[in-house]
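This report refers to the structure that appears directly beneath it.
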Amino acid sequence: MKKKLMSGLVAAALLGTVVLPVSAQNLAIVNGKPVPSARADALKQQVERSGRPITPEVEGQIKEEVIAREIFMQEAKKRGLEGSAEYKNQLELARQTILIRELFADYQKKNPVTDAEIQAEYDKFVASNSGKEYKASHILVESEDQAKSIIAQIGKGAKFEEIAKKESKDPGSGARGGDLDWANPSNYVAEFTEALVKLKKGDMTAVPVKSQFGYHIIRLDDVRDAQLPKLDEVKPQISQQLQQQKLAKFQEELRSKAKVQ
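Residue numbers are given in our numbering: position 148 of the sequence shown equals residue 381, and the series is strictly consecutive.
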């Protein structure tokens, strides 16, 4: 008897005639109306794409969410809200959003970022950021006279860090005693960079350096070879950046080809 039952199921499966019971196809029945399990599956996919694991607790929450939506939908239909202009407008906007999202997802699937593209982008990053890194400190003030006064005070023994905390109008570095941490000198505005690279380790600018931000007193604390991350450490970020660039280019191509009157 068992053998006959098994062989019957196999044959049915091969012929594609196995019919699932109604209870397996539906998540629940609300006010006599079946709620398809496919709705819960769709929500699960959304949760999974967000990176959240599907635990038994999350599955229970998804089930309750699907049931609650069905209850609220039934009430909305009972009140005739499906026929309102506002509902139809919002439905059209949602339809557009979903369809456009699918378009972009399809493009990215068919145009993935390759390892060669990631390597090339990393090589450009290395080329533009290699060389020396400078650990600098600065005090930024409004006027040249104030900057000259501070240089004189430091020359007489006043502490750079204490003046930076009190006087610098750069809130970020000022709170740290003027410390700008390690950086490629090209990260700064041209006037600052030009003055910084001329300093020797431990030296401070003898005259104020003017920039668009005000007047700087700059001190060079240390110099080292650039510390760049390895490819594996930045590969996900580079891949994401290239994906965004490709998608932006695709969007621009579509816009340029469209006839807008």
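For each residue, glycine too, the CB sits at the ideal point set by N, CA and C.
None of the values given here were measured: they were computed from a predicted structure.
Worksheet item: With DSSP run on the structure shown, which of helix, strand or coil describes Y421?
Response: coil
Fill in: E354 burial status per 10 Å Cβ neighbour count (16 or more: buried)
buried
Fill in: Closer than 8 Å to chain D by CB, R282
Here there is only one protein chain, and chain D is not present.
Discussion item. Let's test the definition: count the other Cβ atoms within 10 Å of the Cβ of S363 and tell me whether it reaches 16, buried, or not, exposed.
Written reply: exposed
Worksheet item: So S472 is in the alpha helix (DSSP H); what residue range does that whole segment cover?
Response: 464-490
Practice prompt. Count the other CB atoms, across all protein chains shown, that sit within 10 Å of the CB of L326; report buried if there are 16 or more and exposed otherwise.
Written response: exposed
Worksheet entry | Of the residues S376, F337, A416, the one placed nearest L461, counting alpha carbons only | A416
Practice prompt. Take the Cβ of G407 as the centre, count every other Cβ of all protein chains shown within 10 Å, and call the residue buried at 16 or more, exposed below.
Written response: buried
Practice prompt. Let me know if P441 comes out buried or exposed under the rule of 16 or more other beta-carbons within 10 Å of its beta-carbon.
Written response: buried
Worksheet entry | Segment contact, 8 Å Cβ cut-off, at least three pairs: the stretch 341-357 with the stretch 468-478 | yes
Practice prompt. With a cut-off of 8 Å on the beta carbons, I'd call A397 and S370 a contact; round off their distance for me.
Written response: 7 Å
Item to complete: Have a look at A275 and A301 and give me their C-alpha separation to the nearest angstrom.
Response: 15 Å
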